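A quick write-up on the structure given underneath.
There are 2 protein chains.
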Amino acid sequence: MSQAPQANNVLYAQAGGVTAVINASAAAVIETVQQYPQIFGKSYAAINGIKGVLEEELIDLSDIDNTVLEQLKYQPGAAFHACRFDLDPLEHNPAQYERVLAVFKQYQIGYFFYNGGNGSMVTAQKVSDYCRAHGHEVICIGVAKTIDNDLALSHCSPGFGSAAKYLATSFIEATLDIRSMHETSTKFFVMEAMGRNVGWLTMAAGLVKKVIPDAPLLLLPAERPFRREAFLQRVSELVEQQGYCVCMVSEGLQDEHGNYVNITAVEHTIEQDYTQLGGVGEVIAKIAADHLDCKTHCAIPDYLQRSASHCVSETDWLMAYGAGKAAVLAAINGEHGTLPVVIKTSDEPFAWDYQSVDLQEVANLELRVPDQFISADGMDITDAGLDYLLPLIQGERQPPFVNGLPAITPIHSQRVDPVLPTFIAVK
Amino acid sequence: MSQAPQANNVLYAQAGGVTAVINASAAAVIETVQQYPQIFGKSYAAINGIKGVLEEELIDLSDIDNTVLEQLKYQPGAAFHACRFDLDPLEHNPAQYERVLAVFKQYQIGYFFYNGGNGSMVTAQKVSDYCRAHGHEVICIGVAKTIDNDLALSHCSPGFGSAAKYLATSFIEATLDIRSMHETSTKFFVMEAMGRNVGWLTMAAGLVKKVIPDAPLLLLPAERPFRREAFLQRVSELVEQQGYCVCMVSEGLQDEHGNYVNITAVEHTIEQDYTQLGGVGEVIAKIAADHLDCKTHCAIPDYLQRSASHCVSETDWLMAYGAGKAAVLAAINGEHGTLPVVIKTSDEPFAWDYQSVDLQEVANLELRVPDQFISADGMDITDAGLDYLLPLIQGERQPPFVNGLPAITPIHSQRVDPVLPTFIAVK
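So the protein lines, in turn, are chains A and B. Sequential numbering of the first sequence, starting at 147, is according to this note's numbering. Sequential numbering of the second sequence, starting at 147, is according to this note's numbering.
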């Protein structure tokens, strides 16, 4: 607990890969702050996360009316733009920290809500610490979001449930397609899930069993090394039993030597320290085609799985909204440097609450799919795994469709005229 | 016009690539036949199209109750399974034709409804002609379905509107994603559409303009050769103007020499006379990445675009249902060898009717995207193109969601016990 800051304006920003419900968290922060006018002053959003803070690219959120707020709640992408950009360490680039301090002082920011990945939330905290050490009191609170579901100490991550629902729905539909055509066409179908080195999104395909109980399913989560012979044996078994096989594979699948099983990982190393994944689905389809000597197909939903606002889980949406609200309440409590994580409070009915954990503590951990959710052979989901997933995809929350298309026209907000000297964050 | 057949039982079958609404046509045939008990006798469905006829794999449709019929109307895939298998020419394989005659006689089939592609519908007609020439009167009517929208003489094809709606929705959502992250992440995103050598599904991405009017859009329909320099120049322009570019490409894109622009067309020639397409999206992403020296991404929805029952166009659904109904009415009129195609009867409000055309006539034609729908530079859609597309995607018709997932559990129907000698259609 720390004292309430003297400056009482609010800054909200988004960073890292988006989710279909990240803007529910944004709306929650804005609406909850509005409920405490005795505590909070003006609210701002930074454009492009911490980059927008450095470059003084801000939006005055008092301009946002209720109609826009309602639109925001259905909007995919990051309404205030999200950056894949982080501050350098303080000792390498003190100018960045001085600049943030100058911006925070200029706009009297006392509360900083950072809706990002683990790493970027810790950076937000560090720069806030720097401000505090230099006489400007700031409370920094993280707001969790990731489709990967790798946030540790949390029951699950806001954003995951919607991606899981989208992937499960798509996989079920595709399974019915292949089921109806396999006798004279495709016998092996594979879909590639995001998630980098964790297989949560891959496991979501296991939900096909709830609709097609006998689906000939094969999962290749990133938590298990790809063993080619075992894979091909299982494919053969399923095709022999049911005529076809449907597979979900993690983009981050590795072989037994720890090498990525994909075609593009080597070629496309563009961002520093960030290997672009993707392509494993086609490798797996090719391996199966050569083995079965038949037609195979591969679907790569790519960004569709993290932006499918038309297939959002109501539960996940509520969780993302709740995460934003919990962050504001944590700020009121003066819990600087924390992140509200999801704590399951009841199984039947499924219920959850939020608990503040130390940002630095959670940043160094990774939630992988536990052993008890993966079958012994490493290629299927257990009942425990299905029991975990099912509550997270409950309920539907589509945007209104107008003229046949989702009414998700981007929100345009007037930027605050900058007053500080120009600062170029990215050359 | 021909006489009403003596045999009056009905056979319905499905063939070729599925659509999200093919089973609406199936339901329409079943329900419309039920409305004319004085004309029609028993109804059967063949499993796997003409293959199931040869192999005497039939379902007695009198077993299907109203609950199952309602389920059928939301079901993706082909409820009675669809084959990529066609009869040989009569002179090469008369045994196949004799076999169909034997099955038609055994089950007293007087009406044969074939829900397939152009080629397979003509085969259905030819085998029916053979039966008629051998003393067994059969009326054969086609029921159109294709997501590719290449059916000539028809305003559009049942199945296209839903695939277009799904692709447009997904493309719009992904555009908002890239729009919100391009400053420090992906600047070029491409999605790959099916459609073989026609670009209708690619043009559907143009609907993004109705939601994001200034979307930096680039279309590569199969109707235009890929000109690398012009493409890269347009990419550069759009990235310079708006910071990013979103692209949709036809799987059948060819270069100026008529070669497919993809990586797998050469490798995967598995089915006879059928080059498997797919992969052009990744080639385009790579070309753009090399040119821009930045991160690019590619989504390949693959089968998802033809099985997305959760994103069906109500208009398309009604059109598919109407096509099945029109086929039964054409049969009652004795219009053997015809196909009901869609005729637009009004623009405001959009309305359509069906008109019978000769199956053989339509089979030799292909509806490509006309010049007036493609911009002069070949990489954008015109207002005329948008005006054409928009009515086809109107309305939403989701299956009920139960327990968080679409209630599309496959329908299990009891097969008729075969009575004829075994016949192996596919070795």
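Every residue, glycine too, gets a C-beta built ideally from N, C-alpha and C. This structure is a prediction, so every number in the text was calculated from the model and none was measured.
Item: Three-state secondary structure (DSSP) at G483 (chain A)?; Value: coil
Item: Only counting the same chain, and skipping five residues up and downstream in sequence, which positions put a Cβ closer than 7 Å to that of S459 (chain B)?; Value: G307, S308, K311, L538, I539, Q540 and G541
Item: Tell me the residue span of the beta strand (DSSP E) that contains E512 (chain B).; Value: Run containing E512 (chain B): none; DSSP gives neither H nor E here.
Item: Please report whether the beta-carbon of N343 (chain B) lies at a distance below 7 Å from any beta-carbon of chain A.; Value: no
Item: Going by the beta-carbon positions, is the gap between A224 (chain B) and I287 (chain B) smaller than 7 Å?; Value: no
Item: Span of the alpha helix (DSSP H) holding N264 (chain B)?; Value: N264 to A279
Item: Quick one: give me the first and last residue of the alpha helix (DSSP H) that H437 (chain A) is part of.; Value: V426 to L438
Item: Between the alpha carbons of V214 (chain B) and T165 (chain B), how many angstroms are there, rounded?; Value: 19 Å
Item: Confirm, please, whether the CB-CB distance from R380 (chain B) to M525 (chain B) is below 7 Å.; Value: yes
Item: Quick one: which residues of the region 342 to 373 of chain A get their C-beta closer than 7 Å to a C-beta of chain B? List them in chain order.; Value: L353, K356, V357 and I358
Item: Report, in whole angstroms, the separation of the C-beta atoms of A174 (chain B) and K490 (chain B), which I expect to be a contact under 8 Å.; Value: Actually they do not touch by this definition, with Cβ atoms about 20 Å apart.
Item: Could you tell me if N510 (chain A) is buried or exposed, where buried requires 16 or more neighbouring beta carbons within 10 angstroms of its beta carbon?; Value: exposed
Item: V503 (chain B) lies in the beta strand (DSSP E); which residues open and close that run?; Value: A497 to D504
Item: From this set, B:D209, B:N264, B:Q184 and B:C444, which residue's C-alpha is nearest A191 (chain B)'s C-alpha?; Value: B:D209
Item: List, in order along the chain, the chain B residues whose C-beta lies closer than 8 Å to that of S396 (chain A)?; Value: By Cβ distance, chain B contributes nothing, its closest Cβ being about 17 Å from S396 (chain A), past 8 Å.
Item: Starting from the beta carbon of E542 (chain A), find every residue of chain B whose beta carbon is closer than 7 Å, and list them in chain order.; Value: F547
Item: Would you check if the region 447 to 455 of chain B and the region 336 to 344 of chain B touch, i.e. whether three or more CB-CB distances between them fall below 8 Å?; Value: yes
Item: Quick check on T292 (chain A): does DSSP put it in helix, strand or coil?; Value: coil
Item: Look up R370 (chain B) in the DSSP assignment and say whether it is helix, strand or coil.; Value: coil
Item: Secondary structure at K188 (chain A), three-state DSSP: helix, strand or coil?; Value: coil
Item: Do we get a CB-CB distance below 7 Å when we pair A454 (chain A) with the residues of chain B?; Value: yes
Item: Using three-state DSSP, classify D206 (chain A) as helix, strand or coil.; Value: strand
Item: Establish whether the CB of L231 (chain B) and some CB of chain A are separated by less than 7 Å.; Value: Checking the sequence, you will find Phe at residue 231 (chain B) rather than Leu. Yes, F231 (chain B) lies at the interface with chain A (some Cβ there is under 7 Å from its Cβ).
Item: Please report whether the beta-carbon of T315 (chain A) lies at a distance below 7 Å from any beta-carbon of chain B.; Value: yes
Item: Answer yes or no: do P545 (chain A) and Y158 (chain A) have a C-beta to C-beta separation smaller than 7 Å?; Value: no
Item: Count Cβ pairs between the region 313 to 325 of chain A and the region 274 to 289 of chain A that sit closer than 8 Å; are there 3 or more?; Value: no
Item: Select from the region 550 to 573 of chain A all residues with a C-beta closer than 8 Å to any C-beta belonging to chain B, and list them in chain order.; Value: G550, L551, P552, A553, I554, T555, P556 and V572
Item: Please list, in chain order, the chain A residues whose beta carbon lies closer than 7 Å to that of S331 (chain B).; Value: R230
Item: Pull the bridge partners of E542 (chain B) from the DSSP assignment, please.; Value: B:S459
Item: When you measure from the CB of H437 (chain A) to every non-hydrogen atom of the ligand GTP, does any distance come out below 6 Å?; Value: In terms of ligand content, the structure shown is empty, and the ligand GTP therefore cannot be addressed.
Item: Report, in whole angstroms, the separation of the C-beta atoms of V487 (chain B) and S300 (chain B), which I expect to be a contact under 8 Å.; Value: 4 Å
Item: Is there contact between the region 472 to 485 of chain B and the region 493 to 508 of chain B, where contact requires at least three CB pairs shorter than 8 Å?; Value: yes
Item: Assuming Q388 (chain B) and D360 (chain B) are in contact, meaning their beta carbons sit under 8 Å apart, how far apart are those beta carbons, in whole angstroms?; Value: 7 Å
Item: List, in chain order, every chain B residue whose beta-carbon is nearer than 8 Å to that of Q221 (chain A).; Value: L322
Item: Considering only C-alpha positions, which residue in the set B:V395, B:V179 and B:I205 is nearest to G187 (chain B)?; Value: B:V179
Item: Got a sec? Which residues, its chain only, sit under 6 Å from M267 (chain A) by beta carbon, not counting five neighbours each side?; Value: Y260, G288 and L505
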